[in-house]
Amino acid sequence: MLLNQAAAAKPSEPEVWLFRGRYRVERGECAGAVDDFQQAARLTPDNAAVYASLGLAQLCAGNATAARASFQKSLQLDPNQPKVRDYLRGNGR
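One rule links them: number in my numbering = place in the sequence shown (from 1) + 3.
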C-alpha cells in the first residue's frame, strides 16, 4: 500500500501518520489508526488535531477512557473545538 511506503520513506513526517491514521479509521482498522496517531503525537505533541484524531480512533477501538483523555488534551491545546466538546459530552457518536 502506498501509505505504508510513505510512512517508511518519511517516518518523521507527522502528516503521513495523520493521513494513514484517518484512512485506517475509515476502513475500520482502529488499532492501527491508534498507532499512527500516537506516532503523529510523538512528532507533534502540540497539535490539537492529532489528539482529536487519536480520540476518535480510540473510540473506534473501544477505549472510551483513553479517548476522553485524548479529547481533553486536544481541548487544552485548542479550546475552540465544539465537535470535540460534543464527543466529551457523549453527543458526538
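Just so it is clear, CB atoms sit at the ideal spot from N, CA and C, and this is done for glycine as well. Remember, it's a predicted structure, so these values are computed and weren't measured experimentally.
Item	Value
How far does the alpha helix (DSSP H) with residue 17 in it reach, from first residue to last?	17–30
Alpha carbon to alpha carbon, how far is residue 68 from residue 78?	16 Å
Classify residue 73 as buried or exposed, calling it buried when 16 or more other Cβ atoms lie within 10 Å of its own Cβ.	buried
Measuring CA to CA, which of 19, 83, 17, 91 is closest to residue 62?	91
Taking DSSP as the reference, what is the three-state secondary structure of residue 84?	coil
With residue 43 and residue 53 assumed to form a contact (beta carbons below 8 Å), what rounded beta-carbon distance in angstroms separates them?	5 Å
How big is the Cα-Cα spacing for residue 3 and residue 82?	Nothing can be reported for residue 3, as the shown portion of the chain is limited to 4 through 96.
Under DSSP, the alpha helix (DSSP H) around residue 64 begins and ends at which residues?	First-last for residue 64: undefined, no H or E at that position.
Is the beta carbon of residue 39 sitting closer than 8 Å to the one on residue 23?	yes
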